[in-house]
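Student: Just passing along the structure, written as structure tokens.
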Amino acid sequence: MAFQYWNEAIETMPRSELESLQITKLKEVIRRSIRSPFYKKRLAKTGINTPDDIKTLNDLKRIPFTTKQDLRDGFPYGFLSISREEVVRLHASSGTTGTPTTIYFSRDDLKQWASFMARCIYSTGCTKADVFQNMINYGLFTGGLGFHAGAEEVGMLVIPSGSGNTARQFRLMQDFGTTVVHATPSFLLHVESKMKEEGVSRKSLCLKRAFAGAEPYSEDTRRRIEELLGIDVYNSYGLSEMNGPGVAFECQCKNGLHIWEDGYIAEIVDPETLENVPEGTRGELVITILCREATPILRYRTRDLTGFIPGPCPCGRTHRRLYRIAGRSDDMLIINGVNVFPSQIEEVIMAIQEVGNNYLIEIDKEGVLDRLTVKTEVTPAMFMDDTRPLNALKEKIRRTLQTSITLNPRVELHESGSLPVSEGKAVRVKDLRPRDL
Ligand code: ADP
Ligand code: ZN
Numbered sequence: 097m098a099f100q101y102w103n104e105a106i107e108t109m110p111r112s113e114l115e116s117l118q119i120t121k122l123k124e125v126i127r128r129s130i131r132s133p134f135y136k137k138r139l140a141k142t143g144i145n146t147p148d149d150i151k152t153l154n155d156l157k158r159i160p161f162t163t164k165q166d167l168r169d170g171f172p173y174g175f176l177s178i179s180r181e182e183v184v185r186l187h188a189s190s191g192t193t194g195t196p197t198t199i200y201f202s203r204d205d206l207k208q209w210a211s212f213m214a215r216c217i218y219s220t221g222c223t224k225a226d227v228f229q230n231m232i233n234y235g236l237f238t239g240g241l242g243f244h245a246g247a248e249e250v251g252m253l254v255i256p257s258g259s260g261n262t263a264r265q266f267r268l269m270q271d272f273g274t275t276v277v278h279a280t281p282s283f284l285l286h287v288e289s290k291m292k293e294e295g296v297s298r299k300s301l302c303l304k305r306a307f308a309g310a311e312p313y314s315e316d317t318r319r320r321i322e323e324l325l326g327i328d329v330y331n332s333y334g335l336s337e338m339n340g341p342g343v344a345f346e347c348q349c350k351n352g353l354h355i356w357e358d359g360y361i362a363e364i365v366d367p368e369t370l371e372n373v374p375e376g377t378r379g380e381l382v383i384t385i386l387c388r389e390a391t392p393i394l395r396y397r398t399r400d401l402t403g404f405i406p407g408p409c410p411c412g413r414t415h416r417r418l419y420r421i422a423g424r425s426d427d428m429l430i431i432n433g434v435n436v437f438p439s440q441i442e443e444v445i446m447a448i449q450e451v452g453n454n455y456l457i458e459i460d461k462e463g464v465l466d467r468l469t470v471k472t473e474v475t476p477a478m479f480m481d482d483t484r485p486l487n488a489l490k491e492k493i494r495r496t497l498q499t500s501i502t503l504n505p506r507v508e509l510h511e512s513g514s515l516p517v518s519e520g521k522a523v524r525v526k527d528l529r530p531r532d533l
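My numbering puts the first residue of the sequence shown at 97, with every later residue one more than the last.
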């Protein structure tokens, strides 16, 4: 495979040079951070008062972690390190786990972000000949404008379609010959179901690739989208605190996401002890952003669970790769004392062929015990004849889940297209248990 690089010198830079570059940039970040009210106070306690107090990357560890709560406490301008007049844009997180947080950008920050995004898009083989339909929310959410700017930088024809309205999405795809789309994986599956329903054939479209991210999904879900739509799907990871998309992205090898280490310093820590874990071990991703002047954030605890994949990538890029993000440490469900991640359930059900494109996990109470119900859609072909195959499928899902998560769930089968679809991030878990006050 011939690999193309947006910025070859940076993307294939020897690790020792890459680390020197990180130190140089980190010093600059420290110089700026001290100008923000939050870090001025926080850094004073650490003995890091000037950029010269940073000599090696290890010195970063003297700085305490920054948490989502810190960002909320600093709302609205506690993290701003340039004057208000230099700020040209703000974005906010989706607020999946509580009050959203706000991030500010200078003109130069937006340029840098677009260039990281262009690097991601280009690394999957896209060129300016491509037509790119951005099927994700625009607005405060970073996914829309982030990809938009990067795709324009590559020179693709960009269709800012936003998410939702599948009939209109199909029309745009057909009218303009869309070759690449960006969406959440759940929306891509929904698009595929709608194609069948509305009689849109795969042949009437020119789709070749999709970028899927903003929410966790399994390798089986990726494969399913690839097979159903006949395209390549690339995993895209980012979070608004770190600009949004453009933090880590899969290259054409599709084996882990390169985290751009000239823009971000990544660490993996044990979420309990907060100590760094060895390469190959999974833990919580902690990131320091090097490519934004307006809102510096040092050692941010993302809560996202992943790890560094050992060894080099055949594509020649030297920036380390992250495992597919399994979800957040705070996604973990405790059901009758057993710890379960929604991603474990997805992994099991999406590997079963007869299972359709959407599912929902519900937990409620039955007496004193927790009750887990897994609702899955089934492929349209399944609802035709007698109920025997349905019962057999139900039993197969139940048994496979029981083996994998050691809980015995109730399984409900639903007709294709009948479970709720979200236009933003999918809501996969409904926890209906009464909360202790
Ligand atoms: P919020 O934290 O409110 O959801 P964001 O819109 O900033 O706000 O979402 C970022 C989060 O989305 C990440 O921290 C991560 O949990 C999740 N996420 C983004 N991309 C991926 C991906 N490719 N795989 C798994 N999770 C992802
Ligand atoms: Zn690679």
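All C-beta atoms in this analysis are idealised placements derived from N, C-alpha and C, irrespective of residue type, glycine included.
(1) With a threshold of 8 Å, are at least 3 pairs of Cβ atoms found where one atom belongs to the stretch 407-425 and the other to the stretch 105-119?
(2) Identify which residue in M291, E357, E315 and G513 has its Cα closest to the Cα of I448.
(3) Looking at the secondary structure, which residues open and close the beta strand (DSSP E) in which L381 lies?
(4) Whole angstroms are fine: how far does the CA of K461 sit from the CA of W102?
(5) Please determine, among M291, I355, L370 and R128, the residue with the shortest C-alpha to C-alpha distance to A263.
(6) Would you mind giving the Cβ-Cβ distance between L468 and I431, rounded to the nearest angstrom? I have them listed as a contact below 8 Å.
(7) Can you name the residues that DSSP bridges to Y557?
(8) How should N504 be labelled, buried or exposed, when 16 other C-beta atoms within 10 angstroms of its C-beta is the threshold for buried?
(9) Answer with buried or exposed for R531, where buried requires no fewer than 16 other C-beta atoms within 10 angstroms of its C-beta.
(10) Please determine, among F99, Y330 and G340, the residue with the shortest C-alpha to C-alpha distance to G352.
(11) Within the same chain, show all residues whose beta-carbon is closer than 7 Å to that of E508, passing over the 5 residues directly before and after it, in chain order.
(12) What do you reckon, is the C-beta of C222 under 7 Å from a heavy atom of the ligand ZN?
(13) Short of 6 Å in beta carbon distance, which residues of its chain neighbour T275, apart from the five on each side in sequence? Order them along the chain.
(14) Excluding the 5 residues flanking M97 on each side, which residues of the same chain have their C-beta closer than 7 Å to its C-beta?
(15) Taking K292 as part of the beta strand (DSSP E), name the residues at either end of that continuous run.
(16) In chain order, what are the residue ranges of uninterrupted beta strand (DSSP E) at least 3 long that sit wholly in the stretch 326-382?
(17) Nearest to A477 by alpha carbon, out of T152, F404 and H510?
(18) Given 7 Å as the limit, tell me if R58 has its C-beta closer than that to any heavy atom belonging to the ligand ADP.
(19) Give every residue of the same chain whose Cβ lies closer than 6 Å to the Cβ of K123, excluding the five residues on either side of it in the sequence, and list them in chain order.
(20) Report whether the distance from the Cβ of H354 to the nearest heavy atom of the ligand ZN is below 7 Å.
(21) Going by DSSP, which residues form a beta bridge with I405?
(22) Give me the residue from R138, V343 and I255 with the minimum Cα distance to W209.
(23) Along the chain, where does the alpha helix (DSSP H) containing F307 start, and where does it finish?
(24) Assuming I106 and I126 form a contact by the criterion Cβ under 8 Å, report the distance between their Cβ atoms to the nearest whole angstrom.
(25) Using the C-alpha atoms, what's the distance from L429 back to P410?
(26) For R413, verify whether its CB is less than 7 Å away from any heavy atom of the ligand ZN.
(27) By Cβ distance below 6 Å, which residues in the same chain neighbour L515 in space, the five residues on each side in sequence not counted?
(28) Can you give me the C-alpha to C-alpha distance between S332 and P133, rounded to a whole angstrom?
(29) Going straight from the alpha carbon of V382 to that of E181, what length do you get?
(30) Just how far apart, CA to CA, sit R138 and Y396?
(31) Using three-state DSSP, classify Q449 as helix, strand or coil.
(32) Quick one: what does DSSP say Q534 is sitting in, helix, strand or coil?
(33) Just to confirm my understanding: we take M338, look at its own chain, exclude 5 residues before and 5 after, and list those with CB closer than 6 Å. What are they?
(34) On the DSSP letters alone, give me the boundaries of the beta strand (DSSP E) that D166 sits inside.
(35) Rounded C-beta distance between G359 and T238? I'm assuming under 8 Å.
(36) Could you say if the stretch 317-330 and the stretch 388-403 meet the contact criterion of at least three C-beta pairs nearer than 8 Å?
Tutor: Quick answer:
(1) yes
(2) To locate residue 448, count along the sequence shown from 1; it is residue 352. It is E315 whose Cα lies nearest to the Cα of I448.
(3) Along the sequence shown, read from residue 1 onward, the residue named residue 381 stands at position 285. Segment G379 to I385, the beta strand (DSSP E) holding L381.
(4) As a position in the sequence shown, residue 102 is number 6, starting the count at 1. As a position in the sequence shown, residue 461 is number 365, starting the count at 1. Distance between the alpha carbons of W102 and K461: 53 Å.
(5) Against the sequence shown, residue 263 aligns to sequence position 167. Minimum Cα-Cα distance from A263 among the listed residues M291, I355, L370 and R128 corresponds to M291.
(6) Position 372 of the sequence shown, counted from the first residue, corresponds to residue 468. Position 335 of the sequence shown, counted from the first residue, corresponds to residue 431. That pair is a contact at about 5 Å.
(7) Absent from the model: residue 557. The displayed extent of the chain is 97 to 533, so no value can be given.
(8) Numbered from its first residue, the sequence shown carries residue 504 at position 408. With fewer than 16 other Cβ atoms within 10 Å, it is exposed.
(9) Stepping through the sequence shown from its first residue, residue 531 is reached at position 435. Counting Cβ neighbours within 10 Å, R531 comes out exposed, since fewer than 16 surround it.
(10) In the sequence shown, counting from the first residue as 1, residue 352 sits at position 256. Comparing Cα positions, the closest option is Y330.
(11) Within the sequence shown, residue 508 is the residue found at index 412, counting from 1. So the list reads T469 and K471, once near-sequence residues are dropped.
(12) Mapped onto the sequence shown, residue 222 falls at position 126. No; taking the cut-off as 7 Å, the Cβ of C222 has no heavy atom of the ligand ZN nearer than that.
(13) Indexing the sequence shown from 1 puts residue 275 at position 179. Cβ neighbours of T275 beyond the five flanking positions: D226, V227, C302 and K304.
(14) The count along the sequence shown starts at 1 and reaches residue 97 at position 1. Closer than 7 Å at Cβ, skipping near neighbours: Q348.
(15) Looking up residue 292 in the sequence shown gives position 196. Here K292 belongs to no beta strand (DSSP E); instead the alpha helix (DSSP H) covers P281 to E294.
(16) 328-335, 340-346, 353-355 and 360-365
(17) Locating residue 477 in the sequence shown gives position 381, counting from the first residue. Checked all of T152, F404 and H510; the closest Cα to A477 is H510.
(18) Because the chain in this structure spans residues 97 to 533, residue 58 falls outside the shown range and cannot be described.
(19) Along the sequence shown, one-based indexing puts residue 123 at 27. Cβ neighbours of K123 beyond the five flanking positions: P147 and I150.
(20) Here the question's residue 354 lines up with position 258 in the sequence shown. Yes, since a heavy atom of the ligand ZN falls inside the 7 Å radius drawn around the Cβ of H354.
(21) Translated into positions along the sequence shown, residue 405 becomes position 309. Beta-bridge pairing links I405 to R417.
(22) Within the sequence shown, residue 209 is the residue found at index 113, counting from 1. Taking only the C-alpha atoms, the option nearest W209 is V343.
(23) For the purposes of this step, residue 307 is taken as the residue at position 211 of the sequence shown. Segment R305 to G309 is the beta strand (DSSP E) holding F307; no alpha helix (DSSP H) there.
(24) Position 10 of the sequence shown, counting from 1, holds the residue named residue 106. Position 30 of the sequence shown, counting from 1, holds the residue named residue 126. By a beta-carbon distance limit of 8 Å, I106 does not contact I126. Their separation comes to about 22 Å.
(25) Position 314 of the sequence shown holds residue 410. Position 333 of the sequence shown holds residue 429. One C-alpha to the other measures close to 37 Å.
(26) Here the question's residue 413 lines up with position 317 in the sequence shown. Remark: the shortest separation between the CB of R413 and any heavy atom of the ligand ZN falls under 7 Å.
(27) The residue you call residue 515 lines up with position 419 of the sequence shown. Cβ within range, chain order: N454, L456 and E473.
(28) Within the sequence shown, the letter at position 236 stands for residue 332. Within the sequence shown, the letter at position 37 stands for residue 133. Cα-Cα distance, rounded: 32 Å.
(29) By one-based count along the sequence shown, residue 382 stands at place 286. By one-based count along the sequence shown, residue 181 stands at place 85. So the alpha carbons of these two residues sit roughly 30 Å apart.
(30) By 1-based counting over the sequence shown, the position of residue 138 is 42. By 1-based counting over the sequence shown, the position of residue 396 is 300. Roughly 14 Å separates the two Cα atoms.
(31) Position 353 of the sequence shown holds residue 449. Coil at Q449, not helix or strand.
(32) Nothing in the structure corresponds to residue 534, since the chain is present only between 97 and 533.
(33) By one-based count along the sequence shown, residue 338 stands at place 242. Closer than 6 Å at Cβ, skipping near neighbours: I383 and I385.
(34) Here the question's residue 166 lines up with position 70 in the sequence shown. Where D166 is concerned, there is no enclosing beta strand (DSSP E), although the alpha helix (DSSP H) it sits in stretches over K164 to D169.
(35) Along the sequence shown, read from residue 1 onward, the residue named residue 359 stands at position 263. Along the sequence shown, read from residue 1 onward, the residue named residue 238 stands at position 142. G359 to T238, Cβ: 15 Å. No contact.
(36) no
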